[in-house]
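Working notes, beginning with the structure itself.
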Amino acid sequence: IALTPDKSLLLAVDVFSNKIYSIDVATFAVKATFTFNDAQFGFGNNVVLSADGKTGYISTARFDPKFQLHADGELIRFDVADGKETGARVQLQRGSAAIALSPDKTTRAVVNTVSESVSLVDPAAFNVRATVALDAGANLIFANTVAFSADSAVGIVGNQGAAGQFLTADVAYVFKTTTGEIVARPD
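Sequential numbering of the sequence shown, starting at 327, is according to our numbering.
Spelled out as structure tokens, the structure:
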């Protein structure tokens, strides 16, 4: 759920119908329903807003039914007033899920749960600035999200650890938000 800066609207993702509901906070009535062609949302997908609250962003965790595999995800940018997409989508990696917004609003970080990576998106250029490639032991899940330093220079994402090692192999990856370079991996 995302709350607009003026606190007038909630944007809620429905993963079962692949819709976003725009809800009036004063009346709790559904003001609008947004759908996007070929978009598939999962439990980790969330809406992130621009600083002024006029533009929304959501990743789509697309699934290829023919091969029963996750397909490459996309980042959708849309107008919060009418739900219309504003421009081309940004191509992400497989299993795109949670989006986080840096404090300085210059980076959207998208966790890719199947590719075990983080896509760093420049919102002004609307392209992938860098990709944080995690090591072979990474195991991101839909609940993982990125946290940023106060100055937005570094990000950190937690890792659940390899399958069968729940709570025994958890690590974090600290990375530069400009390049995606991993600068620390505290266990």
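Ideal Cβ positions, reconstructed from N, Cα and C, are used throughout, including at glycine.
With residue 500 as the anchor, note down where its beta strand (DSSP E) starts and where it stops.
-> Here the beta strand (DSSP E) through residue 500 covers 497-502.
According to DSSP, what are the bridge partners of residue 435?
-> DSSP lists 426 and 446 as partners of residue 435.
Minimum Cβ-Cβ distance from residue 464 to chain C less than 9 Å = As a matter of chain content, chain C is missing from the structure shown, which is built from one protein chain.
Identify every run of the alpha helix (DSSP H) within the segment 340-413, keeping only runs that are complete inside it and at least 4 residues long; order them along the chain.
-> Segments of the alpha helix (DSSP H) lying fully in the segment 340-413: there are none.
Nearest neighbour of residue 384, chosen from 446, 343, 498 and 424 [CA to CA] | For residue 384, the closest alpha carbon among the candidates 446, 343, 498 and 424 is that of 424.
Could you tell me which of 431, 400 and 397 sits nearest to residue 450, measuring between CA atoms?
-> It is 431 whose Cα lies nearest to the Cα of residue 450.
Tell me which same chain residues have a C-beta within less than 7 Å of the C-beta of residue 416, skipping the five on either side of it?
-> 400, 401, 447, 452, 453 and 454.
How big is the Cα-Cα spacing for residue 382 and residue 405?
-> So the alpha carbons of these two residues sit roughly 6 Å apart.
Give me the Cβ distance between residue 335 and residue 348, rounded to the nearest whole Å; I'm assuming they're in contact under 8 Å.
-> The pair is a contact, with the Cβ atoms about 6 Å apart (cut-off 8 Å).
What are the partner residues of residue 453, as DSSP defines its beta bridges?
-> 448, per the DSSP bridge assignment.
Within its chain, find whatever has a CB closer than 6 Å to the CB of residue 361; leave out the 5 residues flanking it on each side and keep chain order.
-> Answer for residue 361: 345, listed in chain order.
Give the DSSP-derived three-state secondary structure of residue 460 in the structure shown.
-> Coil at residue 460, not helix or strand.
Would you kindly check if the distance between the Cβ of residue 444 and the Cβ of residue 483 is under 9 Å?
-> Residue 444 is positioned such that its CB atom lies closer than 9 Å to that of residue 483.
Residue 411 to residue 363, Cα distance in whole Å?
-> Just so you know, the alpha carbons of residue 411 and residue 363 end up roughly 10 Å apart.
Counted within 10 angstroms of its Cβ, other Cβ atoms place residue 436 as buried (16 or more) or exposed | By the 10 Å Cβ count, residue 436 comes out buried.
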